[in-house]
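Engineer: Numbering (UniProt numbering), first residue to last: 1 to 324.
Even for Gly, the Cβ is constructed at its ideal location relative to N, Cα and C.
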């Protein structure tokens, strides 16, 4: 029998873990639309991030928590790893095709672990990779040429001698030196800006979750929630919503009804929609209501109820027999 130490090991790649997490998220009834996932594997531990849509209206925190728990348990069961779903990104909120989902008011779950940041921090891989490749290439070429000269007695490379001669004869006040210095300064400031700012400006963190398990809504998802809620206001014909970092701009067209009442109801609907999203950083609502060209200040009269059809009663006061 082969000893246990010589049997080898089974390694599950990060790509396979991400695919399994996607399938696990798609198995839940809460997932809407296309599901995307990423994973990072370190030894026997894996960290998974999932991108999907959720049904609306519904309690986002509860449904998102159910998806996170199912993805973690199912992925861990299939891979044998200790899985933690660190991030769940909600990119869309969709109403069901048939029927209506009843919105359940529940308290937000208590935060666990460290305090959740106001925004997600981007990994910023592109600037780091480009800077590292450029620096490594320049250092590698210089090191190879220096080793060739000192170890093997070869002549210096033409590009290095030409560069040294050019730098020795070029004045610091030359235009090319000024342009190169300005470009390097701008690139350095850009890298510092990327390092000191969180990025991911189009995502809003949902309150009530710890730093190890956070949920975020895209601006498009928040805008769809506000738009649907304001459209339910009496007299509102069309709504355009733009979600920013600190405020939500709502532009609505009023077809009929009192303007002041409609403004108050539309503003309250927008604020209630944002409260239902339970964002970690509350957004202010800026509402602009204008009337259409066919605006009628009086609401339409309700349709009259149909008159009951009289049932003929036979002579003698007997009740009419029901037909089989």
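Measuring alpha carbon to alpha carbon, tell me which of 274, 255, 74 and 51 ends up nearest residue 294.
Structural biologist: Ranking the options by Cα distance to residue 294, first place goes to 255.
Engineer: Anyone know if the C-beta pair for residue 33 and residue 92 falls short of 9 Å?
Structural biologist: Yes.
Engineer: Whole-angstrom Cβ separation of residue 236 and residue 252, contact assumed at under 8 Å?
Structural biologist: About 5 Å; that satisfies the 8 Å criterion.
Engineer: Find the nearest neighbour of residue 241 within the set 274, 198 and 215, judged by alpha-carbon distance.
Structural biologist: When only C-alpha atoms are compared, the closest one is 274.
Engineer: Give the straight-line distance between the Cα atoms of residue 267 and residue 289, rounded to the nearest whole angstrom.
Structural biologist: Residue 267 and residue 289: Cα-Cα distance of roughly 10 Å.
Engineer: Is the beta carbon of residue 287 less than 9 Å from the beta carbon of residue 259?
Structural biologist: The answer is no: Cβ separation not under 9 Å.
Engineer: List the residues that DSSP assigns as beta-bridge partners of residue 52.
Structural biologist: Residue 52 pairs with 90.
Engineer: Classify residue 238 as helix, strand or coil using the three-state DSSP reduction.
Structural biologist: Note: residue 238 maps to strand in three-state DSSP.
Engineer: In terms of residue numbering, what span does the alpha helix (DSSP H) encompassing residue 223 cover?
Structural biologist: Unbroken alpha helix (DSSP H) run through residue 223: 219-231.
Engineer: For the stretch 153-222, list the beta strand (DSSP E) runs that are entirely contained and at least 3 residues long, ordered along the chain.
Structural biologist: Fully enclosed beta strand (DSSP E) runs of 3 or longer: 203-205 and 214-218.
Engineer: To the nearest angstrom, report how far apart residue 221 and residue 250 are at their CA atoms.
Structural biologist: Those two C-alpha atoms are separated by around 15 Å.
Engineer: Using a Cβ-Cβ cut-off of 6 Å (strictly less than) and excluding sequence neighbours within five positions of residue 261, which residues of its own chain qualify?
Structural biologist: Counting only Cβ-Cβ distances below 6 Å, and skipping sequence neighbours, we find nothing.
Engineer: Over what stretch of residues does the beta strand (DSSP E) that includes residue 38 continue unbroken?
Structural biologist: Here the beta strand (DSSP E) through residue 38 covers 32-42.
Engineer: Going by the beta-carbon positions, is the gap between residue 285 and residue 229 smaller than 9 Å?
Structural biologist: Taking 9 Å as the Cβ cut-off, residue 285 and residue 229 do not qualify as a contacting pair.
Engineer: Expressed to the nearest angstrom, what Euclidean distance is found between the alpha-carbon atoms of residue 153 and residue 143?
Structural biologist: Looking at the two C-alpha atoms, the distance is approximately 14 Å.
Engineer: Tell me residue 291's beta-bridge partners as DSSP assigns them.
Structural biologist: The partner list for residue 291 (beta bridge, DSSP) reads 254.
Engineer: In this structure, does DSSP put residue 12 in helix, strand or coil?
Structural biologist: Residue 12: coil per DSSP, three-state reduction.
Engineer: Let's see if you can read the secondary structure: which residues bound the alpha helix (DSSP H) around residue 261?
Structural biologist: Counting along the chain, the alpha helix (DSSP H) containing residue 261 begins and ends at 259-277.
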